[in-house]
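Asks: Before anything else, here's the structure in question.
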Amino acid sequence: MSVIEEIRAEMSRGAPLTSLEAKQLIVKLAPEMARINTRWSEIAVAGPRSSNHGPVYKRALASGSDEELAALQQEFDRLTVDRDRVRSIHDSLHQTRHAMAVKEASEALPGLQEKLEASIEQAEDTQKALERSFDALQEAYVAVVQARGLAHQGGMPKAGAKPDVVRRLIALSPLSQQNRSALAWRPDVHVDNLGVSRDEASDAARLEWQA
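For the sequence shown, the residue numbers in this note's numbering are -6 to 204.
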(Lines of atoms letter the chains of each structure in order from A and count residues from 1; the text may use other names and numbers.)
(Lines give C-alpha, C1' and ligand atoms only; values in the text may rest on other atoms or scores of the structure.)
Protein backbone atom coordinates (compact mmCIF):
# COMPACT_ATOMS: atom_id res chain seq x y z
CA MET A 1 0.00 0.00 0.00
CA SER A 2 1.39 3.39 -1.00
CA VAL A 3 1.73 6.30 1.37
CA ILE A 4 -1.19 8.05 -0.29
CA GLU A 5 -3.37 4.95 0.04
CA GLU A 6 -2.44 4.59 3.71
CA ILE A 7 -3.36 8.20 4.41
CA ARG A 8 -6.63 7.96 2.50
CA ALA A 9 -7.49 4.83 4.47
CA GLU A 10 -6.89 6.70 7.73
CA MET A 11 -9.04 9.59 6.53
CA SER A 12 -11.95 7.31 5.57
CA ARG A 13 -12.07 5.30 8.81
CA GLY A 14 -15.19 5.33 10.94
CA ALA A 15 -13.98 7.60 13.75
CA PRO A 16 -13.08 11.19 12.81
CA LEU A 17 -9.44 12.22 12.96
CA THR A 18 -8.22 14.26 15.90
CA SER A 19 -6.22 17.42 15.27
CA LEU A 20 -3.06 15.60 16.34
CA GLU A 21 -3.74 12.68 14.00
CA ALA A 22 -4.40 15.08 11.12
CA LYS A 23 -1.10 16.84 11.86
CA GLN A 24 0.74 13.51 11.89
CA LEU A 25 -0.75 12.58 8.52
CA ILE A 26 0.29 15.96 7.09
CA VAL A 27 3.85 15.24 8.23
CA LYS A 28 3.63 11.75 6.74
CA LEU A 29 2.36 13.13 3.44
CA ALA A 30 5.05 15.82 3.11
CA PRO A 31 7.93 13.63 1.74
CA GLU A 32 5.64 12.00 -0.82
CA MET A 33 4.29 15.37 -1.84
CA ALA A 34 7.83 16.72 -2.26
CA ARG A 35 8.87 13.66 -4.29
CA ILE A 36 5.92 13.98 -6.68
CA ASN A 37 6.42 17.72 -7.14
CA THR A 38 10.14 17.31 -7.79
CA ARG A 39 9.69 14.57 -10.37
CA TRP A 40 6.76 16.41 -11.96
CA SER A 41 8.95 19.49 -12.44
CA GLU A 42 11.77 17.40 -13.94
CA ILE A 43 9.64 15.76 -16.63
CA ALA A 44 7.09 18.54 -17.16
CA VAL A 45 5.68 18.80 -20.66
CA ALA A 46 4.97 22.38 -21.67
CA GLY A 47 1.30 22.98 -22.18
CA PRO A 48 -1.80 23.81 -20.16
CA ARG A 49 -0.34 22.16 -17.05
CA SER A 50 3.20 23.55 -17.22
CA SER A 51 4.63 26.72 -18.72
CA ASN A 52 7.97 25.10 -19.60
CA HIS A 53 9.51 21.73 -20.33
CA GLY A 54 11.33 20.13 -17.42
CA PRO A 55 15.10 19.45 -17.73
CA VAL A 56 14.66 15.68 -18.08
CA TYR A 57 12.05 16.09 -20.81
CA LYS A 58 14.24 18.65 -22.60
CA ARG A 59 17.13 16.18 -22.74
CA ALA A 60 14.81 13.48 -24.04
CA LEU A 61 13.61 15.82 -26.77
CA ALA A 62 17.20 16.46 -27.81
CA SER A 63 18.56 12.93 -27.70
CA GLY A 64 15.87 10.48 -26.58
CA SER A 65 13.85 7.99 -28.60
CA ASP A 66 10.15 8.20 -29.34
CA GLU A 67 9.57 5.48 -26.78
CA GLU A 68 11.42 7.44 -24.09
CA LEU A 69 9.40 10.57 -24.87
CA ALA A 70 6.16 8.60 -24.77
CA ALA A 71 7.11 7.03 -21.44
CA LEU A 72 7.93 10.44 -19.94
CA GLN A 73 4.64 11.86 -21.19
CA GLN A 74 2.74 8.97 -19.62
CA GLU A 75 4.63 9.40 -16.37
CA PHE A 76 3.91 13.12 -16.46
CA ASP A 77 0.20 12.46 -16.95
CA ARG A 78 0.18 10.03 -14.04
CA LEU A 79 2.16 12.40 -11.81
CA THR A 80 -0.21 15.25 -12.65
CA VAL A 81 -3.06 13.20 -11.25
CA ASP A 82 -0.98 12.23 -8.20
CA ARG A 83 0.01 15.86 -7.72
CA ASP A 84 -3.61 17.00 -7.77
CA ARG A 85 -4.53 14.17 -5.40
CA VAL A 86 -1.86 14.95 -2.79
CA ARG A 87 -2.75 18.64 -2.93
CA SER A 88 -6.38 17.77 -2.31
CA ILE A 89 -5.47 15.43 0.55
CA HIS A 90 -3.12 18.02 2.01
CA ASP A 91 -5.80 20.73 1.93
CA SER A 92 -8.39 18.38 3.39
CA LEU A 93 -6.08 17.39 6.25
CA HIS A 94 -5.38 21.03 7.05
CA GLN A 95 -9.10 21.80 7.12
CA THR A 96 -9.73 18.79 9.35
CA ARG A 97 -6.89 19.73 11.67
CA HIS A 98 -8.20 23.28 12.09
CA ALA A 99 -11.81 22.20 12.58
CA MET A 100 -10.89 19.56 15.12
CA ALA A 101 -8.51 21.90 16.94
CA VAL A 102 -11.38 24.37 17.36
CA LYS A 103 -13.74 21.62 18.55
CA GLU A 104 -11.17 20.12 20.93
CA ALA A 105 -10.34 23.53 22.37
CA SER A 106 -14.00 24.23 23.07
CA GLU A 107 -14.54 20.82 24.65
CA ALA A 108 -11.40 21.14 26.76
CA LEU A 109 -12.29 24.56 28.19
CA PRO A 110 -14.35 23.37 31.20
CA GLY A 111 -11.51 21.12 32.32
CA LEU A 112 -8.94 23.85 31.67
CA GLN A 113 -10.96 26.33 33.73
CA GLU A 114 -11.09 23.84 36.61
CA LYS A 115 -7.34 23.30 36.34
CA LEU A 116 -6.81 27.06 36.42
CA GLU A 117 -8.90 27.40 39.57
CA ALA A 118 -7.01 24.52 41.21
CA SER A 119 -3.71 26.17 40.25
CA ILE A 120 -4.87 29.47 41.75
CA GLU A 121 -5.83 27.73 44.99
CA GLN A 122 -2.46 26.00 45.10
CA ALA A 123 -0.66 29.29 44.47
CA GLU A 124 -2.73 30.98 47.19
CA ASP A 125 -1.89 28.20 49.65
CA THR A 126 1.78 28.51 48.69
CA GLN A 127 1.64 32.28 49.16
CA LYS A 128 0.06 31.83 52.60
CA ALA A 129 2.75 29.34 53.56
CA LEU A 130 5.38 31.77 52.30
CA GLU A 131 3.90 34.57 54.40
CA ARG A 132 3.99 32.30 57.45
CA SER A 133 7.65 31.59 56.78
CA PHE A 134 8.25 35.36 56.50
CA ASP A 135 6.53 35.81 59.88
CA ALA A 136 8.97 33.30 61.33
CA LEU A 137 11.82 35.11 59.60
CA GLN A 138 10.67 38.41 61.10
CA GLU A 139 10.60 36.87 64.57
CA ALA A 140 14.14 35.54 64.13
CA TYR A 141 15.29 38.93 62.81
CA VAL A 142 13.76 40.83 65.72
CA ALA A 143 15.31 38.36 68.17
CA VAL A 144 18.75 39.12 66.71
CA VAL A 145 18.14 42.88 66.89
CA GLN A 146 16.96 42.66 70.51
CA ALA A 147 19.84 40.40 71.53
CA ARG A 148 22.38 42.75 69.95
CA GLY A 149 20.74 45.67 71.77
CA LEU A 150 20.99 43.95 75.14
CA ALA A 151 24.59 42.91 74.50
CA HIS A 152 25.42 46.49 73.59
CA GLN A 153 23.84 47.78 76.79
CA GLY A 154 25.88 45.34 78.85
CA GLY A 155 29.09 46.03 76.98
CA MET A 156 29.27 42.45 75.78
CA PRO A 157 30.41 41.17 72.35
CA LYS A 158 27.77 41.54 69.63
CA ALA A 159 28.25 38.82 67.01
CA GLY A 160 27.41 40.16 63.57
CA ALA A 161 25.68 38.39 60.68
CA LYS A 162 27.52 36.94 57.71
CA PRO A 163 27.89 39.39 54.79
CA ASP A 164 25.65 37.36 52.47
CA VAL A 165 22.71 37.56 54.89
CA VAL A 166 21.93 41.08 53.67
CA ARG A 167 21.94 39.98 50.03
CA ARG A 168 19.64 37.07 50.81
CA LEU A 169 17.20 39.25 52.73
CA ILE A 170 17.06 41.78 49.93
CA ALA A 171 16.43 38.97 47.41
CA LEU A 172 13.38 37.86 49.44
CA SER A 173 12.02 41.38 49.85
CA PRO A 174 9.88 41.51 46.63
CA LEU A 175 8.14 38.26 47.59
CA SER A 176 6.64 39.60 50.79
CA GLN A 177 3.11 41.01 50.76
CA GLN A 178 3.64 42.86 54.04
CA ASN A 179 6.16 45.39 55.25
CA ARG A 180 8.65 43.65 57.49
CA SER A 181 11.89 45.12 58.79
CA ALA A 182 13.63 41.81 58.08
CA LEU A 183 12.80 42.18 54.39
CA ALA A 184 13.68 45.83 53.94
CA TRP A 185 15.23 46.29 50.51
CA ARG A 186 17.60 49.11 51.62
CA PRO A 187 20.90 47.59 52.84
CA ASP A 188 21.59 50.37 55.36
CA VAL A 189 18.56 49.21 57.40
CA HIS A 190 20.39 45.99 58.19
CA VAL A 191 23.79 47.48 58.95
CA ASP A 192 23.23 48.26 62.65
CA ASN A 193 20.43 45.72 63.14
CA LEU A 194 22.58 42.76 62.14
CA GLY A 195 26.08 44.02 62.69
CA VAL A 196 27.22 44.02 59.06
CA SER A 197 29.65 46.62 57.76
CA ARG A 198 28.13 49.27 55.51
CA ASP A 199 30.50 48.43 52.65
CA GLU A 200 29.67 44.72 52.86
CA ALA A 201 25.94 45.47 52.91
CA SER A 202 26.19 47.83 49.93
CA ASP A 203 28.27 45.35 47.94
CA ALA A 204 25.80 42.57 48.69
CA ALA A 205 22.86 44.71 47.63
CA ARG A 206 24.64 45.76 44.44
CA LEU A 207 25.25 42.12 43.50
CA GLU A 208 21.58 41.28 44.08
CA TRP A 209 20.29 44.22 42.04
CA GLN A 210 22.60 43.26 39.15
CA ALA A 211 21.51 39.60 39.19
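We put the beta carbon where it would ideally sit given N, CA and C, even for glycine. Computed from a predicted model, the values in this text were never measured in an experiment.
For P41, which option in D70, E117 and L22 has the closest C-alpha, if you only look at C-alpha atoms?
Replies: When only C-alpha atoms are compared, the closest one is D70.
Asks: Need the endpoints of the alpha helix (DSSP H) that M26 sits in, please.
Replies: S12 to E35 is the span of the alpha helix (DSSP H), which, as asked, contains M26.
Asks: From which residue to which residue does the alpha helix (DSSP H) around H87 run?
Replies: Counting along the chain, the alpha helix (DSSP H) containing H87 begins and ends at D59 to Q146.
Asks: With a 10 Å radius around its C-beta and 16 neighbouring C-beta atoms as the bar for buried, classify G104 as buried or exposed.
Replies: Answer is exposed; the Cβ neighbour count stays below 16.
Asks: In angstroms, rounded to a whole number, what distance separates the CA positions of R78 and L168?
Replies: If I take the Cα positions, the gap works out to 60 Å.
Asks: Could you give the C-beta distance for A154 and S166, rounded to a whole number, given that I count them as a contact under 8 Å?
Replies: Not a contact, Cβ separation roughly 16 Å.
Asks: For the alpha helix (DSSP H) that M4 lies in, which residues bound it at each end?
Replies: Taken as a continuous stretch (DSSP letters only), the alpha helix (DSSP H) holding M4 covers V(-4) to M4.
Asks: Is the distance from the Cβ of T89 to the Cβ of A23 below 8 Å?
Replies: Against a cut-off of 8 Å, the Cβ pair of A23 and T89 comes out as no contact.
Asks: Can you give me the start and stop residues for the alpha helix (DSSP H) that P48 sits inside?
Replies: Taken as a continuous stretch (DSSP letters only), the alpha helix (DSSP H) holding P48 covers P48 to S56.
Asks: Within 10 angstroms of the Cβ of L162, are there 16 or more other Cβ atoms? Answer buried if so, exposed if not.
Replies: When all chains shown are included, L162 counts as buried.
Asks: Going by the CB atoms, is the gap between M93 and S12 shorter than 8 Å?
Replies: Yes. Within cutoff.
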